[in-house]
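Here the structure comes first, spelled out in structure tokens, and everything after it is commentary.
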Amino acid sequence: MRGTVMPSAVSTRLTDDFWLAANDGTKRKEQVIADWPLGVGTAAGLLGELIYAGYLELRDGELFRCGETMSDDPALHTVLATMAEEEQRWYSAAPGQAWQQNDQAWPPQAESHHRRRGHALGTWLSYLTYERRAEKLVVDRLSRTGLVQLQEQRRWLGRPTVRYVPYNSVASGSRASAITTAVRHEHPLSRRQLFLARLFFATGLHQHALATLTPRERSRLADRIAEGLDPMSQELLMAADATVGEAAMR
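Numbering (the numbering used here), first residue to last: 355 to 604.
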């Protein structure tokens with residue numbers, strides 16, 4: 355029908371692309387990677403979006419809000435609003451009294467080495483990963499665009515489960531395919547593509563999303579990531595690497 359926009363043609367954000375790639379194909383019964391790396395990937399992606407949009411800065415393992423302006427994007431707005439609430443707790447706490455939070459995902463945060471107190475990056479990656487907080491924000495955003503749909507999965511025993519899946523294989527695989535094509539033909543990669551590719555490596559998703567690249571091509575991509583990503587992105591993604599590794603230490 356004239357004037358109808360197919361979901362696969364809808365503009366997406368960086369973290370949307372990551373989630374879609376991690377749930378590649380509407381016929382898959384399970385996501386491509388485990389829950390923890392998927393959660394870390396979506397958490398790092400949202401923080402990366404906020405940094406790229408100028409809402410956050412990352413310095414020495416701490417996140418700083420750049421003013422009081424809030425994003426119009428619901429997912430990003432929620433993260434910024436939660437940070438603002440955390441700051442209010444800092445300032446309202448009695449002198450010498452540590453900030454307390456019932457949620458186990460929020461360990462007490464030490465005082466910043468900077469004059470201005472920042473949000474600990476590792477704490478925020480874990481917080482957004484626990485209870486699939488970041489993933490829920492991303493899926494909600496995708497559902498507004500029609501890029502995901504509910505799918506019922508029947509079980510031999512128990513009730514059927516319902517989960518969101520990509521609208522089609524084009525929606526889920528196009529961004530990874532674009533990276534693969536660019537690497538193979540030695541075309542330039544945007545900062546967003548470099549970040550996404552590095553996120554694939556950090557979470558283990560590269561084994562699926564970039565599976566058709568040869569070892570030499572993967573090595574070339576790794577070199578381009580190291581040369582092309584800005585310091586804040588590098589620091590964020592190194593922290594994501596470490597957070598993914600936490601699961602193996604438990």
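We treat Cβ as the ideally placed atom computed from N, Cα and C, and that holds for glycine.
query                                                                                                                                                                                   : result
Return the Cβ separation of GLU416 and LEU475 in integer angstroms, given the expectation that the two are a contact with Cβ distance under 8 Å.                                        : 6 Å
Give every residue of the same chain whose Cβ lies closer than 7 Å to the Cβ of THR369, excluding the five residues on either side of it in the sequence, and list them in chain order. : THR396, GLY399, LEU400, GLU403 and VAL492
Quick check: what's the CA-CA separation for ALA488 versus HIS541?                                                                                                                      : 32 Å
State the CB to CB distance for the pair LEU412 and GLU600, rounded to an integer number of angstroms; the pair is presumed to be in contact (CB under 8 Å).                            : In fact, because the Cβ distance is near 19 Å, the residues do not count as touching under 8 Å.
When you compare each of VAL598, THR534 and GLN505 to ARG570 by their alpha carbons, which one comes out closest?                                                                       : THR534
Starting from TYR518, follow its DSSP beta bridges and name the residues at the other end.                                                                                              : LEU504
Indicate the three-state DSSP secondary structure (helix, strand or coil) for ARG419 in the structure shown.                                                                            : strand
In the DSSP assignment, the beta strand (DSSP E) including LEU410 goes from what residue to what residue?                                                                               : 410-413
Closer than 6 Å by C-beta to MET424: which residues in its own chain qualify, once you throw out the five before and the five after it? Chain order, please.                            : HIS431 and LEU434
Using three-state DSSP, classify ALA407 as helix, strand or coil.                                                                                                                       : coil
Leaving aside the five residues before and after LEU496 along the sequence, list all residues of the same chain whose C-beta is less than 6 Å from its C-beta, in chain order.          : ASP370 and VAL502
How big is the Cα-Cα spacing for GLU441 and ARG367?                                                                                                                                     : 27 Å
From which residue to which residue does the alpha helix (DSSP H) around GLU440 run?                                                                                                    : 428-446
Quick one: measure Cβ to Cβ for ALA606 and ALA565, integer angstroms, because I've assumed they're closer than 8 Å.                                                                     : Absent from the model: residue 606. The displayed extent of the chain is 355 to 604, so no value can be given.
Does DSSP classify HIS473 as helix, strand or coil?                                                                                                                                     : strand
Where do the N-terminal and C-terminal ends of the alpha helix (DSSP H) with ASP378 fall, by residue?                                                                                   : Per DSSP, ASP378 belongs to no alpha helix (DSSP H) and is neither H nor E.
Going by Cα to Cα distance, which pick from PHE549, GLY472 and LEU575 is closest to ALA536?                                                                                             : LEU575
Measure how close the beta-carbons of LEU583 and ARG552 come, nearest whole angstrom, since I'm counting them as under 8 Å.                                                             : 6 Å
Expressed to the nearest angstrom, what Euclidean distance is found between the alpha-carbon atoms of GLU506 and ALA563?                                                                : 25 Å
Would you call SER587 buried or exposed, if buried means 16 or more other Cβ atoms sit within 10 Å of its Cβ?                                                                           : buried
Are the beta-carbon atoms of PHE418 and GLY500 separated by less than 8 Å?                                                                                                              : no
Do you know how far the Cα of SER446 is from the Cα of VAL394?                                                                                                                          : 30 Å
Could you tell me the distance, in whole angstroms, from the CA atom of ALA484 to the CA atom of ALA596?                                                                                : This sequence places Tyr at residue 484; Ala is not what is there. Cα-Cα distance, rounded: 15 Å.
May I ask which residues mark the beginning and end of the alpha helix (DSSP H) holding GLY582?                                                                                         : 569-582
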